[in-house]
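Here the structure is laid out as structure tokens; the discussion comes afterwards.
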Amino acid sequence: MKEQDKTTASDSEIREAARMILAAHYPIALTGAGMSVESGIPPFRGPGGLWTKYGEPPMNGFQRFLADPKKAWEDRVSSRSNELMQPLSVAKPNAGHLALAELERLGVLRFVITQNIDDLHRQAGQKTLAEIHGNWKLIRCLDCTRRFKREEITLEVLPPKCPQCGGLLKSDTVSFGEPIPVDVLNQCAKHSARADLVIVAGTSATVYPAAGFALEVKQRGGALIEVNLYESEITNYCDLSLRGTSAVVLPRLVSAIAEMRRAAMS
Ligand SMILES: [Zn+2]
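In my numbering, the protein residues as written are -15 to 250.
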């Protein structure tokens, strides 16, 4: 059975979710690996997972980077690392990514917090976004936190230096043992403090700090709507669970929201 055939969210559940989202003052979304998997990016763990195949990265990856940035950069530009990046470089945003971007254009969705590093929310056109674990296409200065596109940085001498401040550059992807960049955390805190509803899509929301932002909204009396094929650890906290893939459920949700808005205006 194909993943999309397992969708079970009913039309009335979709309409109920649409009503809740339209009634909310500041809806945001929290997204995770499930959305990447739907774009053909293998998960890290489990059968067929990248780490299952290549081995888990060291838990002290950040400390190793700091201890020998030149070696870390040499590994990064090696062929093995390119092989790991291959699924990311061919992945395209799916209908779920496009639906969230559409919700933003409609003025409904205010912010997206993603745990994904795949750049697909940006490619779908999402403008207000925090990539809590970084973006694999970007390079970040550890000193001034400025992000650069890869083509802006010359890799002739490793490790490369920040064109802005001369600081140490690293992949924007957050390594094990590396603190989440403070500017990203601040953005998440600012938007989740205003949020009264969170759409939790493609994530069991068990990885902190991302999970904390959703649960904090719930604790303040806000609502959580889960979009996931399977029950997860966060299901018990959710006001409504829409079973199905993001690529199927989120476009249905957008249609229902657009329809209700049209009906309200006519
Ligand atoms: Zn810098």
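For each residue, glycine too, the CB sits at the ideal point set by N, CA and C.
Classify E40: buried if its beta carbon has 16 or more other beta carbons within 10 angstroms, exposed otherwise. Looking at its Cβ environment, which holds fewer than 16 other Cβ atoms inside 10 Å, E40 is exposed.
Return helix, strand or coil for F49, following the three-state DSSP convention. Of the three classes helix, strand and coil, the one that applies to F49 here is helix, per DSSP.
Give the range of the beta strand (DSSP E) segment to which N170 is assigned. Here N170 belongs to no beta strand (DSSP E); instead the alpha helix (DSSP H) covers V166 to R178.
Return the residue from the list A51, S62 and T187 that minimises the CA-CA distance to Y214. Looking at the Cα atoms, T187 is the closest of the given residues.
Buried or exposed for Q251, please, with buried defined as at least 16 other CB atoms from any protein chain shown within 10 angstroms of its CB. Because the chain here runs from -15 to 250, residue 251 falls outside it and cannot be looked at.
According to DSSP, is R134 part of a helix, a strand, or is it coil? In the three-state reduction of the DSSP assignment, R134 falls in the helix class.
Inter-residue CB distance, L84 and L93 (contact presumed, cutoff 8 Å): 6 Å between Cβ atoms; contact.
By alpha-carbon positions, which one of T129, S155 and K145 ends up nearest to V61? Checked all of T129, S155 and K145; the closest Cα to V61 is S155.
What residue range is occupied by the uninterrupted alpha helix (DSSP H) comprising E200? A194 to Q203 is the span of the alpha helix (DSSP H), which, as asked, contains E200.
Run the proximity test for R131: is its beta-carbon closer than 7 Å to any non-hydrogen atom belonging to ligand 1? Not one heavy atom of ligand 1 lies closer than 7 Å to the C-beta of R131.
Using the C-alpha atoms, what's the distance from T190 back to T219? Rounded to the nearest angstrom, the two C-alpha atoms are 11 Å apart.
What's the gap between the Cα of G151 and the Cα of L126? The C-alpha of L126 is placed about 7 Å away from the C-alpha of G151.
Straight-line CA distance for Q110 to P77? CA-CA distance, Q110 to P77, rounds to 11 Å.
Mind checking whether M244 and A2 have CB atoms under 8 Å apart? Remark: C-beta atoms of M244 and A2 approach each other more closely than 8 Å.
V92 CB to nearest chain C CB: under 8 Å? Of the protein chains in the structure, only one exists, and it is not chain C.
N-terminal and C-terminal residue of the beta strand (DSSP E) that S155 is part of: Here the beta strand (DSSP E) through S155 covers L153 to S155.
Determine which residues share a DSSP beta bridge with A207 and list them. L181, per the DSSP bridge assignment.
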